[in-house]
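Trainee: In this text, residue positions in the sequence shown follow our numbering: the first is 1, and each later residue adds one.
Ideal Cβ placement from N, Cα and C applies to all residues, glycine included.
Structure incoming, see below.
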Amino acid sequence: MSKFFILIMMFCGVQVCLAQTEVVRKNKITSQVTEKYNTVITADRQMKQGVYQAMYGKKVLLAQGKYADDKRVGLWRFFDKKQKLIQVFNYDTGKFIYEAPEDSTSSFKYEIEAKTTDSIIITKPLKQGGRYFGFLPYLRFFKMPQELQGYDPDDMNVVIELFITSMGQVAEFKMHFVAHYYKRTLSIDPGQLYPEDKTFKPATYNKEPISSHIFIVCQINKHGELDMNP
1 MSKFFILIMM
11 FCGVQVCLAQ
21 TEVVRKNKIT
31 SQVTEKYNTV
41 ITADRQMKQG
51 VYQAMYGKKV
61 LLAQGKYADD
71 KRVGLWRFFD
81 KKQKLIQVFN
91 YDTGKFIYEA
101 PEDSTSSFKY
111 EIEAKTTDSI
121 IITKPLKQGG
131 RYFGFLPYLR
141 FFKMPQELQG
151 YDPDDMNVVI
161 ELFITSMGQV
171 AEFKMHFVAH
181 YYKRTLSIDP
191 GQLYPEDKTF
201 KPATYNKEPI
211 SSHIFIVCQI
221 NKHGELDMNP
């Protein structure tokens with residue numbers, strides 16, 4: 001191999017290195033949740049690549065999976081704030097592999113617009129990301145009403161309501177505020193949500209998709225942000 005050819009190869013390798021850079025990013029989703037992932041930067045775009053993790057605090061894993069060319073791929077696992085597994089989703093097939101059952105202590109409640117009997121089989125709507133990580137995008141729309149500034153958060157209830165169509169799309173997004181001698185509902189335009197945050201697997205009624213409501217009882221944490229328990 002000639003020295004000239006070797007120099008050409010070395011030059012091309014340098015050009016490739018200069019044209020593509022990989023950096024590790026850490027972003028705060030909320031005051032308690034931090035995401036960490038690799039970003040590949042080229043001359044014309046930035047994209048997530050490789051392992052992704054989201055942590056609650058510094059020790060509790062909430063989400064773990066991989067990106068390829070800025071898209072989630074393969075199996076992703078999602079956990080609650082006690083690091084209990086609550087969902088496994090396969091992004092290659094678009095299927096829910098596992099969804100943890102809920103009991104009476106869950107902060108999530110569901111309603112369908114149809115009569116129910118013991119012979120009717122009903123499934124709840126499902127969100128990719130599970131009942132904690134998957135619902136974090138809705139919390140960022142929280143804003144304390146001016147008239148409640150300075151009010152003790154322990155004496156207040158905040159309930160998120162989502163109306164999910166039979167097509168699996170968020171059609172209504174509301175926040176209900178209830179305090180002593182006070183009640184107010186704020187409507188939020190679903191158009192402000194990212195497309196992936198508007199998409200659910202709809203509830204079913206005897207295996208047929210049906211519209212539904214999700215109600216999530218939330219708390220205001222010490223940072224003045226909305227939080228929830230799945």
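Using only the alpha-carbon positions, how far apart do G50 and P145 sit?
Mentor: If you take the alpha carbons of G50 and P145, they lie about 41 Å apart.
Trainee: Would you tell me roughly how many angstroms separate the C-alpha atoms of K28 and T34, rounded to the nearest one?
Mentor: Going from the Cα of K28 to the Cα of T34 covers about 5 Å.
Trainee: Just mark P202 as buried or exposed, buried being the case when its beta carbon has 16 or more other beta carbons within 10 Å.
Mentor: Classification of P202: buried, given that the 10 Å Cβ count is 16 or more.
Trainee: Just curious, the beta strand (DSSP E) that F126 is in, first and last residue?
Mentor: It should be pointed out that residue 126 corresponds to Leu in this sequence rather than to Phe. Run containing L126: none; DSSP gives neither H nor E here.
Trainee: How many Å lie between E111 and F163 at the Cα?
Mentor: So the two alpha carbons sit approximately 9 Å from each other.
Trainee: Put E102 into one of helix, strand or coil per three-state DSSP.
Mentor: Looking at E102 - three-state DSSP - the assignment turns out to be coil, as it is neither helix nor strand.
Trainee: What residues are listed by DSSP as bridge partners for Q219?
Mentor: Looking at the DSSP assignment, Q219 forms a beta bridge with D227.
Trainee: Return yes when the Cβ of E172 is within less than 8 Å of the Cβ of P190, no when it is not.
Mentor: Yes, these two residues count as a Cβ contact at 8 Å.
Trainee: Across which residues does DSSP place Y182 in a beta bridge pair?
Mentor: According to DSSP, Y182 bridges with A179.
Trainee: Please report the distance separating the alpha-carbon of K84 from that of E22.
Mentor: Each residue's Cα considered, the two are about 32 Å apart.
Trainee: Report yes or no: do the region 85-97 and the region 121-140 share at least 3 C-beta pairs separated by less than 8 Å?
Mentor: The region 85-97 vs the region 121-140: in contact.
Trainee: DSSP on F142, reduced to helix/strand/coil?
Mentor: Coil.
Trainee: Using alpha carbons as the reference points, say which of Q64, K109 and I122 lies closest to Y37.
Mentor: The shortest C-alpha separation from Y37 is found at Q64.
Trainee: So, do the region 114-124 and the region 145-160 have three or more beta carbon pairs nearer to each other than 8 Å?
Mentor: Not touching, per the Cβ criterion.
Trainee: Within its chain, find whatever has a CB closer than 8 Å to the CB of G134; leave out the 5 residues flanking it on each side and keep chain order.
Mentor: These residues qualify, in order along the chain: F78, Q87, K127 and Q128.
Trainee: If contacts are defined as beta-carbon pairs under 8 Å, then F177 and M156 qualify, I think. What distance do you get, rounded to the angstrom?
Mentor: Between M156 and F177 the Cβ distance is about 7 Å, and since that is below 8 Å, they are a contact.
Trainee: Hey, I214 and V158 are a contact pair by Cβ (cut 8 Å); roughly how many whole angstroms apart?
Mentor: No, I214 and V158 are not in contact; Cβ-Cβ is about 14 Å, not under 8 Å.
Trainee: Measuring alpha carbon to alpha carbon, tell me which residue in K58, K59, P137 and A68 is nearest K48.
Mentor: When each option's Cα is compared against that of K48, the closest is A68.
Trainee: Check the C-beta distance from M228 over to I210 and give it rounded, since I have them as a contact under 8 Å.
Mentor: With a Cβ gap of about 24 Å, M228 and I210 do not count as contacting.
Trainee: Under the DSSP definition of a beta bridge, which residues are partnered with G65?
Mentor: Answer is Y52.
Trainee: The beta strand (DSSP E) that contains A203, what's its start and end?
Mentor: From DSSP, the beta strand (DSSP E) with A203 extends over A203 to Y205.
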